[in-house]
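What follows is one structure encoded as structure tokens, with my remarks underneath.
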Amino acid sequence: MFLNSSAENDSITFMPKNACLFAFYVPLSLAVFGALGNLFVIISFSNFSPKLLKQATTLFVINLSVSDLIFCVFNIPLTAIPFYKRKWPFGAQLCQIFPIFFYGNIAVSLLTITFITFNRFVSIVINKHYKQIYSKNTIRLMIAFCWILPFSLLSLPLFKIWGQYGYERLTFTCTLLEFENKSPKTIFFLASFIIPCIAILFCYTFIWIKVRRKCISSKREMRVTKLIFVIFTVFILCFTPSILVEMFLNKNRYPYIYVASLILVCLSACVNPIIYFILNEHYRTALKRLLLGHSRGSIMSRNDSSTSSPTVKSNQNTYETKFIYPPKL
């Protein structure tokens, strides 16, 4: 048996029934909402205009949504269902794979946000190097790096290198366990969370200095930069409680705080589509066209016909630059 009766009893003693039900129903509800929201983001941006798919910001946003979609479809259900079963019901093999995807998706999301922020830094602070840095190949390499690095590092515990994966009785989940009286999870949290956050804050510091000197001529660029900063801030707010709980809190004594921190982690994969909808009018336009059944062909035909209409052409250009293009300083 994967779990013995003692392990199950210890878990039941730790986690109150109401906390288990809360940790089951709320994350699953968020998973459904988040999966639909991120799917809408991916389809909307992919089908709005072929030109947008050549821009770095759009590709990074789609990559972030893909990571969040996987988190909603795969990770959240495998996190929530054990609370209902009050044990890990998916077997030993999935117990080894699940932590790789759980922590890997989180790392992919934060790395993607880091690269988007660096894109804002290059676009605003060192704009003259933008085209050299953001070629097709470098954008592909950056996106590949977001996935390859975290999943490669997280595969090491499968070979008992840098920790090991296993079942944690107190929380019904499979995670990165202590190995040889060391806690690799703490090192992983610090390296994968703090280092990207420092890089992001570094970029935003120089962006702020540039803005203070009134060297920015494009209000549109600043709207995009503020949008990404909101995404980063929400990400930090969602994950900081979980990191503090993992590092400092006694889960036996505060099960409801643990569950609340876990729900915030699930929320992080669901909230970005809401941010796009509130702060970016062109995502709202793309989403409305998607929901009304406009196809890529109909949108492209409108774009083609706009060549004979200066007014429509101007509107098209306004859209394309307003969300994506680097400023012309």
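Residues in the sequence shown are numbered consecutively from 1156, following the working numbering. Even glycine gets a Cβ: it sits at the ideal position worked out from N, Cα and C.
Roughly how far, in whole angstroms, is the beta-carbon of residue i from the beta-carbon of residue j, given that I think they are within contact range, below 8 Å?
i            : j            : result
residue 1394 : residue 1347 : In fact, because the Cβ distance is near 10 Å, the residues do not count as touching under 8 Å.
residue 1232 : residue 1186 : 6 Å
residue 1180 : residue 1251 : About 27 Å separates the two Cβ atoms, so there is no contact after all.
residue 1222 : residue 1445 : Not confirmed; about 21 Å, so no contact.
residue 1267 : residue 1215 : 6 Å
residue 1318 : residue 1339 : 3 Å
If the criterion is Cβ atoms closer than 8 Å, does the pair residue i and residue j meet it?
i            : j            : result
residue 1426 : residue 1416 : no
residue 1380 : residue 1275 : yes
residue 1220 : residue 1197 : yes
residue 1289 : residue 1354 : no
residue 1382 : residue 1397 : no
residue 1301 : residue 1270 : yes
residue 1430 : residue 1385 : yes
residue 1414 : residue 1178 : yes
residue 1325 : residue 1230 : no
residue 1323 : residue 1309 : no
Taking the C-alpha atoms as reference points, what is the distance between residue i and residue j?
i            : j            : result
residue 1454 : residue 1391 : Low confidence applies here, because residue 1454 scores a pLDDT of 46, under 50, leaving its location unreliable; read the following figure in that light. Distance between the alpha carbons of residue 1454 and residue 1391: 37 Å.
residue 1334 : residue 1264 : 27 Å
residue 1443 : residue 1194 : 14 Å
residue 1327 : residue 1296 : 37 Å
residue 1470 : residue 1437 : For residue 1470, the predicted structure reports a pLDDT of 43, less than 50, and the residue's modelled location is therefore unreliable. A value from the coordinates is still provided. Approximately 11 Å, taken between the alpha carbons.
residue 1261 : residue 1182 : 16 Å
residue 1298 : residue 1329 : 28 Å
residue 1432 : residue 1356 : 25 Å
residue 1364 : residue 1374 : 16 Å
residue 1435 : residue 1192 : 15 Å
residue 1303 : residue 1283 : 30 Å
Let me make sure I understand the geometry here. Which of the options has the alpha-carbon closest to that of residue i?
i            : options                   : result
residue 1217 : 1201, 1435 and 1226       : 1201
residue 1228 : 1242, 1382 and 1253       : 1253
residue 1307 : 1344, 1408, 1280 and 1258 : 1258
residue 1248 : 1313, 1301, 1270 and 1361 : 1313
residue 1361 : 1272, 1405 and 1291       : 1272
residue 1352 : 1226, 1388 and 1367       : 1388
residue 1377 : 1339, 1278 and 1344       : 1278
residue 1344 : 1403, 1293 and 1358       : 1403
residue 1173 : 1368, 1364, 1448 and 1411 : 1411
residue 1225 : 1421, 1435, 1349 and 1358 : 1421
Problem - Contiguous alpha helix (DSSP H) assignments of at least 4 residues, all confined to the stretch 1270-1298 - result: 1285-1288
Handout entry: Completely contained alpha helix (DSSP H) runs for the stretch 1205-1275, where each covers 4 or more residues
Key = Listed in chain order, they are 1211-1225 and 1231-1240.
Handout entry: Segments of 4+ residues assigned as alpha helix (DSSP H) that fall wholly inside the stretch 1343-1396
Key = 1350-1367
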